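See below for the structure under consideration.
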Amino acid sequence: MCHQTVSLIARHLEENGISTVIMGCAKDLVEYCGVPRFLFSDFPLGNAAGKPNDPVSQAATLELAMKVLESAPGPRTTVQNPLRWNEDGRWKLDFSNIEQLSEEELAAKRKAFDEQKEIAKGRRVHDGEKTQAAE
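According to our numbering, the sequence shown holds residues 28 to 162 in order.
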């Protein structure tokens, strides 16, 4: 789910008496939304709960999130997860960096994206026809 959406939901829950802690990887977005408690993991998006297929990192991240929930000293508390995606941080150079792709890779990704758009367009047209037939 989108970091901004989760953050705004957390703020709403907090305003209605339900304590929250956000586990996220998009520090700028979550802090901008002003959540009360935030556990920031410096991982690629989609991995806020720990490394994939790594129950140890997932358990450690959840445990830290619960500690943040219990002990945050005040509103807008951000705690940095001490876990690292890898030792050298090179994933940041490659993650969603279009400059790292060759012309052939870029062309293949564009083609695949265009194919998905056509599939989606066909489904919208088909669903629209079904809606009109039902009326």
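No residue lacks a Cβ here, since even glycine has one placed at the ideal position from N, Cα and C.
These numbers were taken from a predicted model, which means no experiment stands behind them.
Please check the pair residue i and residue j, which I expect to be a contact at CB under 8 angstroms, by giving their CB distance rounded to whole angstroms.
i: residue 85; j: residue 77; result: 3 angstroms
i: residue 66; j: residue 30; result: Incorrect: roughly 12 angstroms between the Cβ atoms, too far for contact.
i: residue 88; j: residue 50; result: 7 angstroms
Quick one: Cα of residue i to Cα of residue j, how far?
i: residue 22; j: residue 93; result: The chain is shown only over 28 to 162; residue 22 falls outside these bounds and no answer can be derived.
i: residue 105; j: residue 81; result: 24 angstroms
i: residue 139; j: residue 131; result: 12 angstroms
i: residue 141; j: residue 151; result: 15 angstroms
i: residue 144; j: residue 99; result: 44 angstroms
i: residue 134; j: residue 125; result: 11 angstroms
i: residue 34; j: residue 110; result: 22 angstroms
i: residue 23; j: residue 155; result: Since the first residue of the chain shown is 28 and the last is 162, residue 23 is not available in this structure.
i: residue 97; j: residue 116; result: 30 angstroms
i: residue 148; j: residue 32; result: 26 angstroms
i: residue 46; j: residue 59; result: 19 angstroms
i: residue 95; j: residue 153; result: 48 angstroms
i: residue 54; j: residue 146; result: 34 angstroms
Need the endpoints of the beta strand (DSSP E) that residue i sits in, please.
i: residue 107; result: 104-107
On the DSSP letters alone, give me the boundaries of the alpha helix (DSSP H) that residue i sits inside.
i: residue 120; result: 118-121
I'd like to know whether the C-beta atoms of residue i and residue j end up nearer to each other than 8 angstroms.
i: residue 103; j: residue 44; result: no
i: residue 48; j: residue 64; result: yes
i: residue 52; j: residue 37; result: no
i: residue 118; j: residue 71; result: yes
i: residue 108; j: residue 91; result: yes
Going along the chain, which unbroken runs of the beta strand (DSSP E) with 3 or more residues stay wholly within the region 32-87?
Counting only runs of 3 or more, we get 49-51, 64-67.
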